[in-house]
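Data first, discussion second: the structure below is written as structure tokens.
2 protein chains.
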Amino acid sequence: MTGLAALAACIATPSTSSGKPALESLRIDAARLQRSLEELSVFGRPSGGTFADGVSRIAYSDADVAGRRYVMDLMRAAGLEPSIDAAGNLHGLRKGRDPSLKPIVFGSHIDSVPDGGNFDGDLGSLAAIEVMHTLQDAGIRTRHPLEVSIWSNEEGGTLGSRGQIGTVEAADLDRMFAGVSMRDGLRRIGGDPDHLEGARRPPGSVQAYLELHIEQGGVLDKAGIPIGVVEGLVSIDEYEVEIRGFANHAGTTPMPERRNALLAAAKLIEAVQELVTSMPGRQVGTVGQLVVSPNAPNVVPGLVRHSIEFRDLSEDTLAHLGAAIRERAAQVARDTHTEITIRPTEHLPPALASPVIQRQIEASAGALGFKTMHLPSGAGHDAQIMARLAPMGMIFVPSVAGVSHSPHELTRWPDCANGANVLLQTILRIDRS
Amino acid sequence: MTGLAALAACIATPSTSSGKPALESLRIDAARLQRSLEELSVFGRPSGGTFADGVSRIAYSDADVAGRRYVMDLMRAAGLEPSIDAAGNLHGLRKGRDPSLKPIVFGSHIDSVPDGGNFDGDLGSLAAIEVMHTLQDAGIRTRHPLEVSIWSNEEGGTLGSRGQIGTVEAADLDRMFAGVSMRDGLRRIGGDPDHLEGARRPPGSVQAYLELHIEQGGVLDKAGIPIGVVEGLVSIDEYEVEIRGFANHAGTTPMPERRNALLAAAKLIEAVQELVTSMPGRQVGTVGQLVVSPNAPNVVPGLVRHSIEFRDLSEDTLAHLGAAIRERAAQVARDTHTEITIRPTEHLPPALASPVIQRQIEASAGALGFKTMHLPSGAGHDAQIMARLAPMGMIFVPSVAGVSHSPHELTRWPDCANGANVLLQTILRIDRS
């Protein structure tokens, strides 16, 4: 710590009678967090745009490379020496007082979807660095080592965090992403696709993983609650449905003779909605993709392919929904004289947050005077991967109107700061426990 | 008539006591009709295929040009001198006994859809020439002039028959069809797009127009009835529906917060089915084209565009259906929190068949021992256009299983011959009336 930083920490942080800063009253620098989010937003900003025009910081792009360089500068300013692992993740380690303890890891990602917003991933990443900066300013050394991790290519399939648990296959590296192979992309950001094993961490080697993230849904915003305590990341079941009817002339085929694949699809879409909403719980079900063939106004559709996706924390609920939709599909096929096949294409298990960490987040928020709400995360995050290595906790802050993956994505500055303070206090609480 | 033909006619045709052939017992040559259909099928046949593999004789293609040359040879063999009008239609005129009378015109088309069948259009065209051949063989001269017309480019929008009524615009000629402009296409088949007025016929200049065609639906085949008496060609109302919801994350957007455009579309598709089938009558309603945006399994659909098409002989029924679906759409929009706009894109008036000609077809079929059924034509035909010039009648023969616009299109040979004989006898009956 420089003399100037120590002075600033003394001014900013009230001391206990023993002369040490009172950890419970330690706060991040909200203005500095906002400034860093604004500065990062420049990398990938649409030409001629402002912060409000969002960002396209696709992994491995020039904007990603430039953004990562900026983030490494922020780490250095926070007293960290950045390193890049073989999976392209950025790490900054802050030593603890007890070298026998495992690190507390926290972070997020700074890559974005095309035409995304300036909060998804960026907030959790820069809040993590801000926490480090705050601790350095206050001259506080924790018992555990602390490590900030900025995961590479979250939006393209959590490639970076998967590198930590060793589930990136050669086929993943061969896959094209935004015009380059993942392999070449990794090289562009300083990774080493030929030695990915270097990025692996064994399970049990991390004390806890924490991630602050915008909710990306509208539950907190609608309820007016500033802090969400994530119960877990939902399990996902995906199906591909193929409906075979018979394509025929829309003028010459009487209604009773039709084998209309799109009519069958309509009935299935309504069945998904009805099944999901008729039982208690927060499960969701979506038909998001649908393609009609031959897709002409004057031809009775002969073939429809569509997706079905169910999400819930409970795999039992998903299994029940899967069985129920198959039953409905059999009935729809009989009613419409079509053939319907439903093929499971993906099953993601849930990643439950540690109940202990959930209580620590809740207690930290409570001490800061914030109301909290427990909720599942319907979206996937790096935390889902890291839950395989360590007890995991996630903090959500409100997304205005639930908008995300859009330039209109917005989390208000006070909510950003509140989330960062809850992250800071939770880290300190875990460190003490 | 050659001596040999006269001899054949004498053998084939019983004579009345006066020595003239009994017109009621005159029959077409079924074997010759089959042979000509088989020979025509070669032009546009898939390489290495057989008759059963269907045909791609797209208008203006080399196959179309070759097929038309074959048809002109058939006309010559039937004693006709073929001519090509400015709209590319082939005509063959047979003089009548009374030069003051207007011609009875009959025919169809020989162009096909891609991967079409060997009966749609071909049967009506070659049966018309076969009728002429039969009359020539029998040495029969009718009172009215008879004219066979093979209309150009029926499948691309009845361009040839529309040339007869003068509704082909410059924009039609500029339109691209199968890789060439209609204008250049017309030139390839001997038409004269710069002097289309030469193809026009004034209303009232034709005594009657008759067309034999395969049903293209499965009504006759299912009922086991060999001859359909067409009541008219249905009116068509087409609408374009736009449903605006809000595209959002399928994981983070709770079910009650969704504005799901595809769910709204599903409800409308079911509403179309229910409205059309809950009232008596033979009206049909189809949603054949539907496009989802952004169309990803993990995104709640924000935008759906789809067609709605209603068909019936009665424009009142169509108007009622249009009003009813708008009412339903308003309810669906409220229920799903979406915005729905329904824009009419096309209104085709019905073309009613002449009741007199319907009775003449029925009487001719009855005299031949065939059961008949009255039914509308749900598909469009050149007869729809010619109905603006003259009293019109159409004869349908069964399509096996209702399949058409497909290589599997099939009308059995006896049904082809029966239809041609009804055409012949109806022409003679009109000629006498």
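Just so you know, the sequences run in chain order A and B.
Start counting the first sequence at 1; every next residue gets the next number (my numbering).
Start counting the second sequence at 434; every next residue gets the next number (my numbering).
Glycine included, each C-beta is placed from N, C-alpha and C at the ideal position.
| Item | Value |
| --- | --- |
| Nearest-angstrom Cα distance between Ala571/B and Val639/B? | 25 Å |
| When the cut-off is 8 Å and only beta carbons count, does Val732/B lie next to chain A? | yes |
| If you follow the beta strand (DSSP E) that Asp670/B is part of, which residue opens it and which one closes it? | Ser668 to Arg677 |
| So which residues of chain A does Glu602/B contact, with C-beta pairs closer than 7 Å? | Going along chain A, no residue has its Cβ under 7 Å from Glu602/B, so there is no contact; the nearest lies around 22 Å. |
| Could you check if Ser866/B is buried or exposed, using at least 16 other CB atoms within 10 Å of its CB as the buried criterion? | exposed |
| Does the ligand FMN have a heavy atom nearer than 7 Å to the CB of Ile517/B? | Absence of the ligand FMN is noted for the structure shown, with no ligands found whatsoever. |
| Give, in chain order, every unbroken run of the beta strand (DSSP E) that is at least 3 residues long and sits entirely within the segment 287 to 334 of chain A. | 290 to 293 and 303 to 312 |
| Using Cβ-Cβ distances below 9 Å, what residues of the segment 254 to 269 of chain A are close to chain B? | Pro254, Met255, Pro256, Glu257, Arg258, Asn260, Leu262, Leu263, Ala265, Ala266, Lys267, Leu268 and Ile269 |
| In chain order, what residues of the segment 658 to 685 of chain B put their CB closer than 8 Å to some CB of chain A? | Val667, Ile669, Glu671, Asn681, His682, Ala683, Gly684 and Thr685 |
| Count the CB pairs spanning the segment 671 to 685 of chain B and the segment 719 to 738 of chain B that are closer than 8 Å, and state whether there are at least three. | yes |
| What residue range is occupied by the uninterrupted beta strand (DSSP E) comprising Ile647/B? | Ala641 to Ile647 |
| Straight-line CA distance for Ala363/A to Gly121/A? | 24 Å |
| If we ignore side chains and look at the alpha-carbon of each, how far apart do Ser614/B and Gly661/B end up? | 37 Å |
| With H, G and I counted as helix, E and B as strand and the rest as coil, what does DSSP make of Ala351/A? | strand |
| In the segment 713 to 741 of chain B, which residues sit with their C-beta less than 7 Å from some C-beta in chain A, listed in chain order? | Arg715, Val717, Thr719, Val720, Gly721, Gln722, Leu723, Val725, Asn728, Ala729, Pro730, Asn731, Val732, Val733, Pro734 and Ser740 |
| In angstroms, rounded to a whole number, what distance separates the CA positions of Pro414/A and Ala762/B? | 42 Å |
| Tell me Asn248/A's beta-bridge partners as DSSP assigns them. | Val300/A |
| Relative to the C-alpha of Pro203/A, which candidate in Lys102/A, Asp98/A and Gly44/A has its C-alpha closest? | Lys102/A |
| Taking Cβ-Cβ distances shorter than 9 Å, what residues in chain A pair up with Gly835/B? | Asn248, His249, Thr252, Thr253, Pro254 and Glu257 |
| With a cut-off of 8 Å, do at least 3 Cβ pairs link the segment 731 to 749 of chain B to the segment 713 to 723 of chain B? | yes |
| Taking 8 Å as the threshold (beta carbon to beta carbon), is Gln428/B in contact with chain A? | No answer is possible for residue 428/B: the residues shown for chain B start at 434 and end at 866. |
| On a Cα-Cα basis, can you pick out the residue from Asp64/A, Val403/A, Met132/A and Ser235/A that is closest to Leu424/A? | Met132/A |
| Name the one or two DSSP bridge partners that Ile342/A has. | Val241/A |
| In chain A, which residues lie less than 9 Å from Gly811/B when you measure between Cβ atoms? | His249, Ala250, Gly251, Thr252, Thr253 and Pro254 |
| Closer than 8 Å between beta carbons: that is the criterion. Which residues of the segment 577 to 593 of chain B meet it against chain A? | none |
| Helix or strand or just coil, what does DSSP make of Ile517/B? | strand |
| Please go through the same chain and pick out, in chain order, the residues whose beta-carbon is closer than 6 Å to the beta-carbon of Val855/B, but skip the five residues on each side of it. | Ile660, Ser797, Ala798 and Ile828 |
| Rounded to a whole number of angstroms, what is the C-alpha to C-alpha distance between Pro547/B and Glu471/B? | 18 Å |
| Do you know how far the Cα of Thr336/A is from the Cα of Ile269/A? | 14 Å |
| Among Pro578/B, Asp506/B and Ala510/B, whose alpha-carbon lies nearest the alpha-carbon of Phe539/B? | Pro578/B |
| Reducing DSSP to helix, strand and coil, say where Val453/A ends up. | For residue 453/A there is no data in the structure shown, the boundaries of chain A being 1 and 433. |
| In chain B, which residues lie with their C-beta within 7 Å of the C-beta of Arg311/A? | Gly684 |
| May I ask you to report which of helix, strand or coil DSSP gives Ile660/B? | strand |
| Using a Cβ-Cβ cut-off of 8 Å, state whether Val219/A counts as contacting chain B. | yes |
| Which whole-angstrom value describes the C-beta separation of Leu466/B and Ser541/B, a residue pair presumed to lie in contact below a C-beta threshold of 8 Å? | So it is not a contact: roughly 13 Å between Cβ atoms. |
| To the nearest angstrom, how far is it from the Cα of Ile140/A to the Cα of Ile84/A? | 25 Å |
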